[in-house]
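One line per chain: the protein sequences are Z and L, in this order.
Using the numbering used here, count along the first sequence one by one with no gaps and you end on 395.
Using the numbering used here, count along the second sequence one by one with no gaps and you end on 312.
Report on the structure given below.
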Amino acid sequence: MSAKAQGAWSGPAEVFAYKRLDDPYHSLTLVAPEVCSRAAPGQFVALRMPEDRSLLLRRPFSIHRVDRRPGWAGTVEVVFDIRGRGTEMLSRLRQHATLDILGPLGRPFRFPKEPTNCLLVGGGIGAAPLLFLAEELRGHGHRVDYILGGRTQDHLLRPIEAKRASLTVTFTTDDGSTGYRGMVTDVLAERVRVTNAKVVYTCGPVAMLRAVARICAQMKLSCEVAWEEVMACGFGACLVCAVPVRLDRGGEDDWAWARCCTEGPVFSASRVHWERVEEAGAPSATGAGG
Amino acid sequence: MTPDRRNLKLAVDLGGVKFPNPILTASGTFHYGREFAPYIDLHKLGGVIVKSLSFKPWPGHPPPRGAETPSGMLNAIGLQNPGVSAFCDHELPWLVKQKVPVVASIVGHSPEEYMKVADRLRGAPGIVAMEVNISCPNLEDPTTMFSSNPDATGKVIRGVTRVASQPVFTKLSPDVTNIVDIAKAAVRAGTHGLSVMNTALGMAIDTETFRPKLSTFTGGLSGPAVKPIAIRCVYQVSRAFPDVPIIGQGGIWTGEDVAEFLLAGASAVAVGTANFVEPNASQRILDEFIEYLNRKKIRDVSQLRRMMKDG
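Printed below as a string of structure tokens:
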């Protein structure tokens, strides 16, 4: 390995569009051709807060979508809900504002080598990387079905786009306002059977990831989980974003903290040491600052 | 654009420990350097102070390990590291190849553990100095850190200076009644220099969930929020021990911040939290500092520590 490791791109990005989505979600599309051209589903960008420098740290966001249309400067879209002053500030940005972007960062979802039936399972804002994933999987000849869940109808992230990007979509809401009343995991086993899925990709709250991973293990399906953890740097230097993983030589107690930002954010579900995962302090998806 | 550095003397000599320029990277904010290689030419740095090394691997704390606070951040990593032997086998050879002076930060739960790490690093190639991180609970009295007690500080530093083949810098904590007393204990125990300062102990609580924001409840505060405390500490220690070289650290973000630390009495500085936000922060800060020197017509950086007007 003599070549200099390829880093993420870092520099100013102009806001191409801000969009208010269904409550409680916001979308920000940034002109960042260098990030756009290299990005893969599951990777993230770290955005620096403009204006208020007392908001010190970058906030990590899953790459929601990229636009690589020829003849246009490539754009990267992120979606978020408001967790603190940082995300509140991002929601006030409008076209032509600039902010500093670092990305793409992290390990993306791994794709099957042969055409495979894939099932995507997303909950709340955690579904952010799954549209990009659906588009790329289909581009590689895989079948994509989707289970999208949320607390209410308004908490389903981009339901119309989800329908466009996948062969079937199953909605679940906690209150039954749309689709199945219950959790994504209530319908998972049945959707696996109906779609004949062999690989499951999931992103959302830790409790959901744990439940999805358990069902996939029982059904002997390959499962990849995109993790959300508090981060400070996003590129492996600070060791803030710790995820417990089994070590390869692995007995039950042979584990270590992995860096979510460089060894993840996408992990094979079988690598995560679930017994060590705490749900109590469930971290925010938007970094140490919110 | 790289600023004009002709006619500038940037190299500094800290009691025999030489750095090509006064801007190092602070322990715990630069890992072992590799993560920064895509963003920065490591050989252009004054030096790299690596993340603290213990004798055996330390696992670190559970998450959440970090929280932003106004102009700062709290961390509770728990000194996660693979141990000094793994560092020597897998990290140090690469880092030395980058042609940057390496300072090894060491940590332990007892004076004996510190000595075992220092002993393992004896004669290690490329390591120009040792920085002793005494902000660690003392196993003999786990409610206190070595750094808060002059006797415990003296014990650790006496032991480390006895076995180390490199000059030793003691990293002081601001969380003490009188930092000069701790500095005095370190100097009497034979430390060659001082690193001032480590993070300040802090805490933050989420008012929505009622939970502390760190898994360990309290953690180290860093970033621009602590800079005035660090400047004060450097000033107090340097006035008490004008002949003991100091590496100043705490919230450095700009070239002017570097100048401020040198004016307070430091001979070199280490950039910390800024590395997390801008992977090339230390390079930018060096460029800004050079511009500052040109603007102020200062030819030799080592003059700055005698230039504060206190009369």
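All C-beta atoms in this analysis are idealised placements derived from N, C-alpha and C, irrespective of residue type, glycine included.
- Each residue's CA atom was taken as its position, placing residue 228 of chain L and residue 253 of chain L some 7 Å apart.
- For a Cβ distance threshold of 7 Å, nothing in chain Z lies close to residue 199 of chain L: the least Cβ distance comes to about 16 Å.
- Beta-bridge analysis with DSSP links residue 223 of chain Z to Z:249, Z:304.
- Taking a contact as a CB-CB distance under 8 Å, the pair residue 101 of chain L and residue 44 of chain L counts as one, their CB atoms being some 5 Å apart.
- Under the 7 Å criterion on CB atoms, residue 211 of chain L is classed as non-interfacial with respect to chain Z.
- Under the three-state reduction of DSSP output, residue 332 of chain Z falls in the coil class, being neither helix nor strand.
- In the same chain as residue 199 of chain L, and ignoring 5 residues on each side of it, the C-beta atoms closer than 6 Å to its own belong to 136, 172, 174, in chain order.
- Per the coordinates, the alpha-carbon of residue 117 of chain L lies some 40 Å from the alpha-carbon of residue 291 of chain L.
- Taking a Cβ-Cβ cut-off of 7 Å, residue 241 of chain Z has no neighbours in chain L, whose nearest Cβ is about 24 Å from it.
- Between residue 337 of chain Z and chain L, the shortest Cβ-Cβ separation is below 7 Å.
- Listed as beta-bridge partners of residue 362 of chain Z by DSSP are Z:349.
- Contact fails between the segment 87-104 of chain L and the segment 64-71 of chain L, because fewer than three Cβ pairs, one in each stretch, are under 8 Å apart.
- Contact annotation, residue 114 of chain Z with residue 211 of chain Z: C-beta distance approximately 14 Å; criterion of less than 8 Å not satisfied.
- Under the 10 Å beta carbon count, residue 117 of chain Z is surrounded by fewer than 16 other beta carbons and is classified as exposed.
- Using a Cβ-Cβ distance cut-off of 8 Å, the segment 319-330 of chain Z and the segment 236-246 of chain Z are not in contact, since fewer than three pairs of beta carbons, one from each stretch, lie closer than that value.
- Beyond the five residues adjoining it in sequence on each side, residue 139 of chain L comes within less than 8 Å, by CB distance, of 110, 111, 145, 146, 147, 150, 153 in the same chain, given in chain order.
- Pairwise C-beta distances place the segment 263-271 of chain L in contact with the segment 24-34 of chain L, as three or more of them are shorter than 8 Å.
- Annotated three-state conformation of residue 123 of chain Z is strand, per DSSP.
- Shown here for residue 4 of chain L: same chain residues with a beta carbon closer than 6 Å to its own, the five before and five after excluded, namely 288, 291, 292 in chain order.
- Distance check between residue 77 of chain L and each of L:302, L:242, L:204, L:305 places L:204 closest, using alpha-carbon atoms only.
- In the three-state reduction of the DSSP assignment, residue 295 of chain Z falls in the helix class, which pools H, G and I.
- The residue among L:222, L:82, L:170, L:186 with its C-alpha nearest the C-alpha of residue 56 of chain L is L:82.
- Using beta-carbon distances, residue 289 of chain L does not count as an interface residue toward chain Z, since no partner is under 7 Å.
- With a cutoff of 7 Å on beta-carbon distance, residue 80 of chain L and residue 108 of chain L are scored as near each other.
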